[in-house]
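J.:
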Amino acid sequence: DGGITQSPKYLFRKEGQNVTLSCEQNLNHDAMYWYRQDPGQGLRLIYYSQIVNDFQKGDIAEGYSVSREKKESFPLTVTSAQKNPTAFYLCASRMTAGTYEQYFGPGTRLTVT
Amino acid sequence: AQKITQTQPGMFVQEKEAVTLDCTYDTSDQSYGLFWYKQPSSGEMIFLIYQGSYDEQNATEGRYSLNFQKARKSANLVISASQLGDSAMYFCAMREPRDPSDLRSSASKIIFGSGTRLSIRP
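First to last, the protein sequences are chains A and B. Letter 45 of the first sequence, counting from 1, is numbered 74 in this note's numbering, and no numbers are missing. Letter 71 of the second sequence, counting from 1, is numbered 76 in this note's numbering, and no numbers are missing.
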C-alpha cells in the first residue's frame, strides 16, 4: 500500500547529540514537509521541499537540517543547536498538481534528556 | 500575515448528536484554501475536508461538511451524527496562496490553528 513511513515511532537521545529522523513515501509525491508539534499546540513548519535537491526553510528552521537526495526520502536532522528538541515530529507529502491536501506519516516522538 | 484561530480548546458532545467546531481565519489574499484535519491519540494527521476560496458551495465529505462564510472569514466544521471514534483533536488549516514570482511557491505551505479536542460521550 502507498503511504508515508516514519521511523522510529519513539526516539530517545542525550542532550548534545545530533539525531536524524527518517521519512519515506511511495506516493510519488513531489513535495515533502517536516512539522513540529508541541503538547496542546498545532503544527509548525520546519522545512519543506518541492523537488529533489531543493528545500526551503519554514517558520522554525533554526537548529534543524534536511536533505532531499531522492524523491522518496526527506530526512530531518535535529542538531545540538536546537534548544528544545523534545517534541512530536510529523512528516507530510503532497502532489504539486491538482489537490492541495498534505498526507501525513505516523510521526516520531523525540525525547532529549 | 495569515492566521487561523480556533477558540474552543475542548468540547464534549453526546454520541449521535451533531457538532460544530469553530474556525476563523485572517488573510488579505483572494485565493486561498481551508482544510480540516483530525488527529487521533495515535498522532497521525488525517485529512478530512477542503474548501477553496472560490468554491461557491460548501464542501462535504460523508458526515463532514464545512460551513464556509467568506464575509465572516469563518470555516466551521460540522460533524453530523457523531460517533465515539470521532473523539480526537481537530485542526483547522489554511494554505498560503501561490506566489507567481516564486516558482517554488507551488509547494503551498499550510498554517495550522491550535486545535480543538472533541470528546464524544456514549
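The beta carbon of each residue, even a glycine, is placed where N, CA and C say it ideally should be. This one's a predicted model, so the numbers in the text were calculated from it and none came from an experiment.
For B/Gln74, which of B/Glu61, B/Phe96, B/Arg68 has the nearest alpha-carbon?
T.: Ranking the options by Cα distance to B/Gln74, first place goes to B/Glu61.
J.: So is B/Tyr59 in contact with chain A if we call contact Cβ pairs under 8 Å?
T.: B/Tyr59 does not count as touching chain A.
J.: Could you check where the beta strand (DSSP E) with A/Thr125 kicks off and where it finishes?
T.: Neither: A/Thr125 is in no beta strand (DSSP E) and is coded neither H nor E.
J.: Could you check if A/Arg65 is buried or exposed, using at least 16 other CB atoms within 10 Å of its CB as the buried criterion?
T.: That one is buried.
J.: Is DSSP giving A/Asp88 helix, strand or coil here?
T.: Residue state, collapsed to three classes: coil.
J.: For A/Glu101, which of A/Ala126, A/Gln79, A/Tyr118, A/Glu91 has the nearest alpha-carbon?
T.: With distances taken between Cα atoms, A/Glu101 lies closest to A/Gln79.
J.: Measuring straight from C-alpha to C-alpha, what distance separates A/Tyr118 and B/Thr121?
T.: Cα-Cα distance, rounded: 19 Å.
J.: What are the residues in the region 37-48 of chain A lying within 7 Å of chain B by C-beta distance?
T.: Residues passing the 7 Å Cβ filter: none.
J.: Can you find at least 3 beta carbon pairs, one from the region 50-67 of chain A and one from the region 77-96 of chain A, that sit closer than 8 Å?
T.: Yes, the region 50-67 of chain A touches the region 77-96 of chain A.
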